[in-house]
Ligand SMILES: [Zn+2]
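Residue numbers (the working numbering), protein chains in the order written: chain Y, 27 to 277; chain W, 222 to 403.
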């Protein structure tokens with residue numbers, strides 16, 4: 027088994043599952059019905075992406091794992107998602123800014139991943155890229171609307187930047203399995219998409235009249251290695267409870 | 222229910238069987254937009270009839286592609302395709318998911334687009350018009366399926382299902398779904 031390919035695939039799956047789970051927490055709580063539906067739809071897209079990646083990862087393990095066992099029976103230390111995805115939603119500004127940061131990252135990541143030498147990863151990325159395009163457009167509009175909005179909405183967006191900025195560095199910091207993926211030709215060079223990401227963020231922030239945090243800011247990391255904030259444990263406790271308590275339970 | 226006898230199929234060619242299978246699938250509806258069949262939607266990509274030595278005679282391989290990655294209707298469509306084929310006497314059926322090339326609304330048949338409009342859902346426009354991430358770009362001009370006015374506005378990019386956006390007509394005031402380009 028190619029463990030780098032497995033870890034690379036799991037990281038893609040875990041990111042999608044965890045941010046999808048966070049977004050799903052808004053279901054029934056969105057500020058207005060249309061936006062409640064929008065973020066629930068985005069959550070649904072993520073669960074779909076996660077399923078595709080987990081199904082592929084399960085096949086790679088060759089040990090009888092399934093998409094369900096990978097999602098429900100691994101511990102926090104096995105999860106490779108970036109810390110940004112597991113942070114609590116906060117208010118609507120924080121949720122939409124996180125979505126904007128992450129969708130911009132995914133937009134360029136999947137754009138490149140479509141050229142992966144691994145055909146399954148390329149196919150999943152090709153499919154998901156179209157959906158991410160909508161997520162990016164939707165979240166960009168919210169960043170602009172709130173940033174260039176009222177004193178209250180702008181204040182909340184500024185607060186959200188303070189809360190989230192130091193979690194964006196990890197997106198572009200490759201772990202050893204990502205480096206191996208690049209060497210083997212199926213992974214994406216993160217440094218390249220970092221430049222595209224910065225450019226897109228700068229464009230949208232300018233329109234939103236929001237400042238890009240200046241200076242050399244210390245960045246959080248290690249989610250990709252399985253070292254997480256305390257928040258992931260709470261997510262997994264809720265998500266995995268049923269399968270842990272009643273193994274193999276089905277609807 | 223009577224299950225047709227497949228022995229009649231022994232004399233047929235693979236091409237004839239495939240044609241029959243396409244016709245059967247044309248009656249399998251999308252559970253979320255029931256006026257569309259899985260063929261109208263462009264979800265069925267290929268049908269192959271393979272001759273076998275077994276009593277079944279033919280093995281049917283249907284390749285399909287999901288509309289949206291997270292489309293919850295996909296599992297139902299898959300099950301309904303299998304059931305429809307079983308009802309028609311095809312028991313040896315293989316449903317294979319293909320992700321690439323990714324589904325696009327350009328694959329929706331013209332007949333499908335007409336059915337959508339008659340159902341009150343604006344059919345998808347051509348995708349090169351809109352599928353870019355730039356915010357606040359000019360909105361697509363989507364004609365109202367009720368009065369055909371282009372004087373409409375986007376209410377939300379995400380509608381009642383993953384594949385739709387919500388619009389409203391400024392002239393006749395009708396709120397309507399738009400099957401968005403993809
Ligand atoms: Zn009208």
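Each residue gets a CB set at the ideal place from its N, CA and C atoms; glycine is no exception.
Chain-order list of residues whose beta-carbon lies under 7 angstroms from that of residue 81 (chain Y) (same chain, five-residue window excluded): Annotation for residue 81 (chain Y): 93 place their beta carbon closer than 7 angstroms to its own, counting only its chain and skipping 5 residues before and after.
Alpha helix (DSSP H) segments (min. 4 residues) lying fully within the region 95-127 of chain Y: 109-112, all fully within the region 95-127 of chain Y.
8 angstroms contact criterion, which residue 257 (chain Y) and residue 113 (chain Y) should meet: CB distance rounded: Yes, they are in contact, since the Cβ atoms of residue 257 (chain Y) and residue 113 (chain Y) sit about 6 angstroms apart, within 8 angstroms.
Three-state secondary structure (DSSP) of residue 269 (chain W): Here residue 269 (chain W) sits in strand by DSSP.
Where residue 351 (chain W) sits in the DSSP three-state scheme: With a pLDDT of only 49 at residue 351 (chain W), under 50, the local geometry of the prediction cannot be trusted, and no value is derived from it.
Exposure label - residue 49 (chain Y); buried when at least 16 CB within 10 Å: Flag for residue 49 (chain Y) reads buried.
Buried versus exposed call for residue 272 (chain Y) [16 or more other C-beta atoms within 10 Å across all chains shown]: Its Cβ having fewer than 16 others within 10 Å, residue 272 (chain Y) is exposed.
Contact list for residue 263 (chain Y) against chain W, beta-carbon separation under 9 angstroms: By Cβ distance, chain W contributes nothing, its closest Cβ being about 24 angstroms from residue 263 (chain Y), past 9 angstroms.
C-alpha gap between residue 387 (chain W) and residue 234 (chain W), whole angstroms: Using only the alpha carbons, I get a separation of about 46 angstroms.
Touch test, the region 114-132 of chain Y against the region 366-382 of chain W, Cβ-Cβ under 8 angstroms, three pairs minimum: Of all C-beta pairs linking the region 114-132 of chain Y to the region 366-382 of chain W, fewer than three are shorter than 8 angstroms, placing the two stretches out of contact.
Any non-hydrogen atom of ligand 1 closer than 7 angstroms to residue 393 (chain W) Cβ: Yes, ligand 1 has a heavy atom inside 7 angstroms of this Cβ.
Supposed close pair residue 329 (chain W), residue 261 (chain W) - CB separation, criterion 8 angstroms: The pair is a contact, with the Cβ atoms about 6 angstroms apart (cut-off 8 angstroms).
Rounded separation between residue 199 (chain Y) and residue 149 (chain Y) - CA only: C-alpha separation (whole angstroms): 24 angstroms.
Below-8 angstroms beta-carbon distance, residue 98 (chain Y) vs any chain W residue: So no, residue 98 (chain Y) is outside the interface.
Beta-carbon proximity of residue 191 (chain Y) to residue 130 (chain Y), cut-off 8 angstroms: Not a contact, by the Cβ cut-off of 8 angstroms.
Neighbourhood of residue 27 (chain Y) by C-beta, 8 angstroms cutoff - its chain only, sequence neighbours within 5 removed: Only 86, 87 and 88 meet the Cβ criterion.
Amino acids of chain W, ordered along the chain, whose beta-carbon sits closer than 8 angstroms to that of residue 152 (chain Y): Here the neighbours are 320, 321, 322 and 323.
DSSP bridge partner residues for residue 374 (chain W) (one or two, in chain order): In DSSP, residue 374 (chain W) forms a bridge with W:389.
Residue 63 (chain Y): contacting residues in chain W (beta-carbon distance under 9 angstroms): Near residue 63 (chain Y) (Cβ distances below 9 angstroms), the residues of chain W are 377, 379, 380, 381 and 387.
Residue 304 (chain W), buried or exposed, once every other Cβ within 10 Å from all chains shown has been counted against 16: Under this definition residue 304 (chain W) is an exposed residue.
Residue 203 (chain Y) to residue 33 (chain Y) span [Cα, whole Å]: Across the structure, residue 203 (chain Y) and residue 33 (chain Y) are spaced so that their CA atoms are roughly 7 angstroms apart.
Check: residue 370 (chain W) C-beta below 7 angstroms from any heavy atom of ligand 1: Annotation for residue 370 (chain W) indicates a beta carbon within 7 angstroms of some heavy atom of ligand 1.
For residue 97 (chain Y) and residue 213 (chain Y), the rounded distance between their alpha carbons: Our two residues, residue 213 (chain Y) and residue 97 (chain Y), have alpha carbons roughly 23 angstroms apart in a direct line.
Residue 279 (chain W), DSSP secondary structure in three states: Here residue 279 (chain W) carries a strand assignment [DSSP, helix/strand/coil].
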